[in-house]
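Inspection log for the structure reproduced underneath, given as structure tokens.
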Amino acid sequence: MKSYLGMLAGIMVWGSLLFLQGTPAITEEIAEEAVVAAHPDTEFCEVERQGSDFRVAYVTAGLEQGKVTIAQDGHIVSMQ
Numbered sequence: 015m016k017s018y019l020g021m022l023a024g025i026m027v028w029g030s031l032l033f034l035q036g037t038p039a040i041t042e043e044i045a046e047e048a049v050v051a052a053h054p055d056t057e058f059c060e061v062e063r064q065g066s067d068f069r070v071a072y073v074t075a076g077l078e079q080g081k082v083t084i085a086q087d088g089h090i091v092s093m094q
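Residue numbering for the sequence shown follows this note's numbering, starting at 15 and increasing by one per position.
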């Protein structure tokens, strides 16, 4: 019984610390790395901030172009 109460208290403390820490916002570098990870043959990548979102334009080795808009919380808003 004591071990279950200790485990429950530990989980509650751990959960509350995670809640207080929050989710970190992404930066330009993280947005660029996400696009490069999805397109490993990227030759050129440029990040531009639009309000709270990031617009990442890229060109691959096969000269395919694309634009990805990533929200500050990390969600993909649009892809072209």
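Every residue, glycine too, gets a C-beta built ideally from N, C-alpha and C.
Taking residue 52 as reference, the option from 66, 73 and 34 with the minimal CA-CA separation is 73. A direct Cα-Cα distance of roughly 22 angstroms separates residue 29 from residue 88. DSSP, read as helix, strand or coil, puts residue 94 in coil.
Annotation for residue 44: the continuous alpha helix (DSSP H) segment containing it runs 42-52. When 75, 76 and 69 are compared, the shortest CA-CA separation from residue 82 is found for 69.
It is roughly 18 angstroms from the alpha-carbon of residue 39 to the alpha-carbon of residue 31.
Counting along the chain, residue 57 sits inside the beta strand (DSSP E) bounded by residues 56-64. For the pair residue 27 and residue 43, the CB atoms are not nearer than the 9 angstroms cut-off.
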